[in-house]
Amino acid sequence: MKAALIGYGKMGKIIGQIAQARGHEIVSIIDINNLDDFDSPAFLAADVAIEFTRPDTAFSNYRKCFDRNIPVVAGTTGWLERLPEVKEICKNEQKTFFYASNYSIGVNVFFAVNKYLARIMNQFPSYDVRMEEIHHIHKLDSPSGTGITLANAVIEAIDRKTHWTDCPVSASVQPESATPDTALLIASRREGEVPGIHEVIYESDADRICIKHDAKNRNGFALGAVMAAEFLHGKTGFFTMDDIFNF
């Protein structure tokens, strides 16, 4: 597989290393200083582009890939208001796009466990549910795409929750526990270089039930993105991690 990398920060570098270790070739790297390379022969030779940039540039990058008929693995979050537009482009223009709020295999197992537990806990209204997440200080969106995916799954299963509420907090300040009964509180914290910690907490007067995912580093995210790129070979359309894993 010939891969192009769009965005060459910490994630882009790790993705490149893992792709090469799996026998793939990095034919083009596009970052802030060489945006004209979207029209370079090297980029146009790519079988797939793996994109990890910023919410404000992501959709423009996807559109450039579509215009050059290059499949996209999208790793940026915080731009989801335009996701329906991407799906329409894939459907109407036969383009190829892979989106996940989190590419980690472990996180996708965690997503499945979260859905299963939420269906069970819907039967026990004495338990309130809330979420906590911690990410590095460079992360721009709050809550994270992973947090939103977890929250939406809880809301879909728990009849007593109708929406989520973001509560950004500093490392030294705890969020207020009192929220409307129908709101799912997401306490979002940004500190240090934490790759990502997510916790879903069910609590009653009697006890507490918690599920938690704690990323040790970025390698799991990068490996999943490369696996997604491999999965796209020969395919057209819109895909997610559910198309790779059948939990």
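Numbering-wise (the numbering used here), the sequence shown opens with residue 29 and increments by one. Heads up, the beta-carbon is just placed ideally off N, CA and C, and yes, glycines get one too. On a predicted model such as this, the values are computed, not experimentally measured, just so you know.
Nearest-angstrom beta carbon gap, residue j and residue i [assumed within contact, 8 Å]
i: alanine 250; j: isoleucine 43; result: 5 Å
i: valine 228; j: methionine 159; result: 5 Å
i: isoleucine 60; j: isoleucine 162; result: That pair is no contact at about 27 Å.
i: leucine 168; j: tryptophan 192; result: With 8 Å as the limit, leucine 168 and tryptophan 192 do not qualify as a contact, their Cβ atoms being about 19 Å apart.
i: arginine 50; j: valine 254; result: 6 Å
i: arginine 218; j: isoleucine 133; result: Not confirmed; about 25 Å, so no contact.
i: alanine 185; j: arginine 246; result: Not confirmed; about 30 Å, so no contact.
i: aspartate 242; j: serine 216; result: Not quite, the Cβ-Cβ distance comes to about 16 Å (not below 8 Å), so this is no contact.
Residues near residue i by beta carbon distance below 7 Å, same chain, minus five either side
i: cysteine 93; result: Ala77 and Val100
i: serine 129; result: Thr105, Gly173, Thr174, Ile176 and Thr177
i: lysine 30; result: Glu53, Val55, Ala73, Ala74 and Asp75
i: leucine 145; result: Ile239
i: phenylalanine 273; result: Asn136
i: alanine 70; result: Val55 and Ser56
i: glutamine 122; result: Thr264
i: serine 232; result: Ser154 and Tyr155
Residue i - containing beta strand (DSSP E), residue span
i: glutamate 160; result: 156–163
Beta-bridge partners of residue i, as assigned by DSSP
i: alanine 32; result: Ser56 and Ala77
i: glutamate 219; result: In the DSSP output, where bridge partners are listed per residue, glutamate 219 has none listed.
i: arginine 236; result: Glu231
i: glycine 125; result: Inspection of the sequence shows that residue 125 is occupied by phenylalanine rather than by glycine. Phenylalanine 125 is bridged to Val100 and Phe266.
i: alanine 211; result: His191
i: histidine 241; result: His226
i: proline 196; result: Ser216
Close beta carbons around residue i, own chain, < 8 Å, minus the five adjacent residues each side
i: proline 83; result: Thr104, Thr105, Gly106, Trp107, Leu168 and Asp169
i: alanine 179; result: Met159, Pro171, Trp192, Leu212 and Ile214
i: threonine 210; result: Arg188, Lys189, Thr190 and His191
i: leucine 260; result: Val76, Pro99, Val101, Thr124, Phe126 and Phe267
CB contact flag (residue i, residue j, <8 Å)
i: asparagine 89; j: isoleucine 34; result: yes
i: threonine 124; j: glycine 248; result: no
i: isoleucine 58; j: alanine 32; result: yes
i: phenylalanine 138; j: alanine 256; result: no
i: isoleucine 288; j: asparagine 142; result: There is simply no residue 288 to check, as the chain begins at 29 and stops at 275 in what is shown.
i: glycine 252; j: tyrosine 131; result: yes
Bounding residues of the alpha helix (DSSP H) (the contiguous stretch that carries residue i)
i: glutamate 109; result: Premise fails: glutamate 109 is in no alpha helix (DSSP H) and is neither H nor E.
i: asparagine 89; result: 83–95
i: tyrosine 144; result: 133–149
i: leucine 178; result: 173–185
i: phenylalanine 71; result: 69–72
i: asparagine 247; result: 247–259
i: lysine 167; result: That residue, lysine 167, is in no alpha helix (DSSP H); it is neither H nor E in DSSP.
i: isoleucine 43; result: 38–49
Same chain, Cβ closer than 6 Å to residue i, neighbours up to 5 away in sequence not counted
i: tyrosine 230; result: Met149, Tyr155, Val157 and Ile237
i: phenylalanine 275; result: Ala140
i: methionine 269; result: Ala128 and Asn136
i: cysteine 118; result: Phe125, Gly265 and Phe266
Neighbour flag for residue i against chain E, beta carbons, 8 Å
i: leucine 63; result: The structure shown contains no chain E; it is built from a single protein chain.
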